[in-house]
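To convert, count from 1 in the sequence shown and add 65; that's our numbering.
Backbone N, C-alpha and C define an ideal beta-carbon position, used for all residues, glycine too.
For reference, the structure is listed below as structure tokens.
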Amino acid sequence: MTANSNASQPIVRPATSADAAEIVEIYNYYITDTIITFEEEVITAAEMSRRMNDVAALNLPWLVAEVEGQVAGYAYAGQFRTRSAFRYTVEVTVYLDMNYAGRGLGSKLYAELFAKLKELGIHVAIGGISLPNKSSVALHEKFGMEKVAHFKEVGYKFDQWIDVGFWQRML
Numbered sequence: 066m067t068a069n070s071n072a073s074q075p076i077v078r079p080a081t082s083a084d085a086a087e088i089v090e091i092y093n094y095y096i097t098d099t100i101i102t103f104e105e106e107v108i109t110a111a112e113m114s115r116r117m118n119d120v121a122a123l124n125l126p127w128l129v130a131e132v133e134g135q136v137a138g139y140a141y142a143g144q145f146r147t148r149s150a151f152r153y154t155v156e157v158t159v160y161l162d163m164n165y166a167g168r169g170l171g172s173k174l175y176a177e178l179f180a181k182l183k184e185l186g187i188h189v190a191i192g193g194i195s196l197p198n199k200s201s202v203a204l205h206e207k208f209g210m211e212k213v214a215h216f217k218e219v220g221y222k223f224d225q226w227i228d229v230g231f232w233q234r235m236l
């Protein structure tokens, strides 16, 4: 392998606060142009950094996929619910820069994320998916997640009601 071919290989690594601006750029697209997130107002890098610190304070992983020095996607695990009995359950999330979709980055991020969650003793990973979203469903099911719930018309964005499904995996 040449040095050039190595440079284009994605690297999955822990996110840092220095990544917040690139992460928010990815995420804000999903806010303004998709039903993937129910958030409706774009957020700042400072807000994203605060969210990243909240995840870090829970000792949960936040990862980025970097391609040629640019953050091309990210995945993290967040608290599922605040009651203490839920402490071994997390909600997982993955977002990709649309310029890098379909290149296997979501799979690389989730493979690393699930491995880290197992190391941390997490028992259940749950993913919430705004529906329809065939690519996200396929990614979650690729990692052994099974659909366990379907909530009809629980979100309203872009003048339409949106369903949400939940997928779950025991680690």
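Assumed close pair L170, L182 - CB separation to whole angstroms, cut-off 8 Å: Here the question's residue 170 lines up with position 105 in the sequence shown. Here the question's residue 182 lines up with position 117 in the sequence shown. About 18 Å separates the two Cβ atoms, so there is no contact after all.
What separation, rounded to the nearest whole angstrom, lies between the Cα atoms of E112 and I101? One-based indexing of the sequence shown puts residue 112 at position 47. One-based indexing of the sequence shown puts residue 101 at position 36. Straight-line spacing of the CA atoms in E112 and I101 works out to 19 Å.
Counting along the chain, where does the alpha helix (DSSP H) carrying D228 start and finish? For the purposes of this step, residue 228 is taken as the residue at position 163 of the sequence shown. Where D228 is concerned, there is no enclosing alpha helix (DSSP H), although the beta strand (DSSP E) it sits in stretches over 225 to 235.
Can you give me the start and stop residues for the alpha helix (DSSP H) that Y200 sits inside? Locating residue 200 in the sequence shown gives position 135, where the first residue counts as 1. Before going further, note that residue 200 is Ser rather than Tyr in the sequence given. Looking at the DSSP string, the run of the alpha helix (DSSP H) that includes S200 is 199 to 207.
Using CA coordinates, which residue listed in A86, S114, P79 is at the minimum distance from A140? Mapped onto the sequence shown, residue 140 falls at position 75. Minimum Cα distance to A140 is reached at P79.
Are there three or more Cβ pairs, one per stretch, closer than 8 Å when the stretch 148 to 162 is compared with the stretch 186 to 205? Under the 8 Å Cβ criterion, the stretch 148 to 162 counts as touching the stretch 186 to 205, having at least three qualifying pairs.
Pick helix, strand or coil for T99, following the three-state DSSP scheme. The residue you call residue 99 lines up with position 34 of the sequence shown. Taken through DSSP and simplified to helix, strand or coil, T99 comes out as coil.
Using alpha carbons as the reference points, say which of I191, V219, R115 lies closest to E206. As a first step, residue 206 is located in the sequence shown; it is residue number 141 there, counting from the start. Looking at the Cα atoms, I191 is the closest of the given residues.
Measure from the alpha carbon of K222 to the alpha carbon of each residue in G143, K212, L236, S195, then state which is nearest. Sequence index remark: in the sequence shown, residue 222 carries index 157 (1-based). Measuring from the Cα of K222, the nearest candidate turns out to be S195.
Rounded to the nearest angstrom, what separates P75 and V129 at their Cα positions? For the purposes of this step, residue 75 is taken as residue 10 along the sequence shown, with counting starting at 1. For the purposes of this step, residue 129 is taken as residue 64 along the sequence shown, with counting starting at 1. Using only the alpha carbons, I get a separation of about 10 Å.
List the residues that DSSP assigns as beta-bridge partners of L161. Counting from one through the sequence shown, the residue named residue 161 turns up at place 96. According to DSSP, L161 bridges with G138.
Roughly how many angstroms lie between the CA atoms of N164 and Y175, to the nearest whole one? Residue mapping note: residue 164 aligns to position 99 of the sequence shown, counting from 1. Residue mapping note: residue 175 aligns to position 110 of the sequence shown, counting from 1. The alpha-carbon of N164 is positioned some 19 Å away from that of Y175.
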